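Chemist:
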Amino acid sequence: MAGIEEARVAKAQLASALAGRDDVRGIGIRRLAPGDDYELQVNLSGERGAGAATGATDGVPTDGVPAAVRGVGVHVRVVGALHAQ
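Structure follows, in structure tokens:
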């Protein structure tokens, strides 16, 4: 599993790899309980169709997001589109 420093480095690399994609709503680091293990979380807009996905994690389309970066796992979550209020 990955520590916080490994996760920070992997997050920067993943952010560069996904730069410019309009379906990415956020990239973060999340702690896995229990312990001091971390993974990355990518929030994708739910506006993209599941038919365009190249893979899936727990039924969530990954749409080309890698399963791991530098040994740090990547969790994909589909979220709604963000709108100004």
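Take 4 as the starting number for the sequence shown in this note's numbering and just add one per residue.
Ideal Cβ positions, reconstructed from N, Cα and C, are used throughout, including at glycine.
All figures in this text were calculated on a predicted structure; none of them were measured in a lab.
Which of the three DSSP states, helix, strand or coil, is assigned to A10?
Modeler: Start at 1 with the first residue of the sequence shown, and residue 10 comes out as number 7. Looking at A10 - three-state DSSP - the assignment turns out to be helix.
Chemist: Going by C-alpha distance, which of D25, D26, D39 is nearest E9?
Modeler: Taking the first residue of the sequence shown as 1, we reach residue 9 at position 6. Measuring from the Cα of E9, the nearest candidate turns out to be D39.
Chemist: Pull up the distance between the alpha-carbon of G76 and that of G49, whole angstroms please.
Modeler: For this step, residue 76 is matched to residue 73 along the sequence shown. For this step, residue 49 is matched to residue 46 along the sequence shown. Whole-angstrom Cα-Cα distance: 21 angstroms.
Chemist: At which residues does the beta strand (DSSP E) containing R28 begin and terminate?
Modeler: Numbered from its first residue, the sequence shown carries residue 28 at position 25. That run of the beta strand (DSSP E) goes 27-35.
Chemist: Tell me where the beta strand (DSSP E) around H78 begins and ends.
Modeler: Position 75 of the sequence shown, counted from the first residue, corresponds to residue 78. Start and end: 75-82.
Chemist: Can you grab the Cα-Cα spacing for the pair A22 / V45, in whole Å?
Modeler: Position 19 of the sequence shown, counting from 1, holds the residue named residue 22. Position 42 of the sequence shown, counting from 1, holds the residue named residue 45. Rounded to the nearest angstrom, the two C-alpha atoms are 12 angstroms apart.
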